[in-house]
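J.: To convert a position in the sequence shown, counted from 1, into the numbering used here, add 1368. All C-beta atoms in this analysis are idealised placements derived from N, C-alpha and C, irrespective of residue type, glycine included.
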Amino acid sequence: MPYKRNPMRAERMCGLSRFIMGLQQTASQTAAVQWYERTLDDSAPRRLVLPQAFLATDAILVIYSNIAGGLVVLPGSIHRNLEQHVPFLASERLLMAATTAGGDRQELHEAIRRHSHAATAGIREGRDNDLVERLAADPLFKNVDLQAALTIEGLEGRAVTQVDEFLDGPVQEALRRCPERTTESELRV
């Protein structure tokens, strides 16, 4: 499709991944009927499967690196998507705020569920997300500061810390073990 950004590379990556997954069947069947006796029906598949798996995996990583190297982050799109979906993402926060304000948890839960489903149906029909307006009109939420509960801040939970820990830990360790892998590979599609 003309509007896609990386179709040939992504499709090649998908095809190679499918190929690697198919190799697993050959390896499993060989293991199921052999005791690795070094007979031809054992060694022939091994001579094919092992190198092909590593070569295809290497090709996938080269393609992925090429695609990810051109990654563009669009903060405006991210913000727009968050703004549209933050009422859904903050539904637990809304429930806690309404319960703290004296509401019945089960009744509030059902109201949020009902309003969320109605808002989702509207979005699917092309309308804007009206969940906030629905909640504001519901008497169950009259004592709740909806705007305070619907802020984006804090919705990421521990994600930032977890990503930093992952990058500083296992990723850095893997990069230290393979300093020669810092060169770029040429990709011709």
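1. How is Leu1429 classed by DSSP in three states: helix, strand or coil?
2. So is Ile1431 buried or exposed if we call it buried at 16+ other beta carbons inside 10 Å?
3. From the DSSP output, in three-state form, read off Glu1451 for me.
4. Which residue wins for smallest C-alpha separation from Arg1448, given the options Ala1436, Leu1408, Asn1497?
5. Using CA coordinates, which residue listed in Ser1385, Phe1534, Gly1494 is at the minimum distance from Phe1422?
6. Tell me which residues share the same chain as Asn1374 and place their Cβ nearer than 6 Å to its Cβ, disregarding the 5 neighbours each side in the sequence.
7. I'd like to know whether the C-beta atoms of Leu1457 and Ile1480 end up nearer to each other than 7 Å.
8. Please confirm if Leu1555 has its CB atom under 7 Å from at least one CB of chain C.
9. Whole angstroms is fine: what's the gap from Glu1493's alpha carbon to Glu1451's?
10. Got a sec, what are the start and stop residues for the alpha helix (DSSP H) Phe1387 sits in?
11. Counting C-beta neighbours from all protein chains within 10 Å, is the total for Gly1471 16 or more, i.e. buried, or is it exposed?
12. Locate the alpha helix (DSSP H) running through Glu1460, then write down its first and last residues.
13. Quick check: the Cα distance between Glu1554 and Arg1380, rounded to an integer number of angstroms?
14. In whole angstroms, what separates the C-alpha of Glu1460 from that of Val1440?
15. Classify Leu1518: buried if its beta carbon has 16 or more other beta carbons within 10 angstroms, exposed otherwise.
16. Quick one: Cα of Val1401 to Cα of Asp1410, how far?
17. Buried or exposed: which applies to Phe1509, given that a residue is buried once 16 or more other Cβ atoms fall within 10 Å of its Cβ?
18. Tell me whether the beta-carbon of Val1512 lies closer than 7 Å to the beta-carbon of Ala1466.
19. Ignore the nearest five residues each way along the sequence and tell me which others in Gln1420's own chain have a CB closer than 7 Å to its CB.
T.: So, from the listed chains and residues:
1. helix
2. buried
3. helix
4. Asn1497
5. Ser1385
6. Ile1435
7. no
8. Protein chains in the displayed structure number just one, and chain C is not present.
9. 18 Å
10. 1375-1401
11. buried
12. 1459-1468
13. 15 Å
14. 32 Å
15. buried
16. 9 Å
17. buried
18. yes
19. Leu1391
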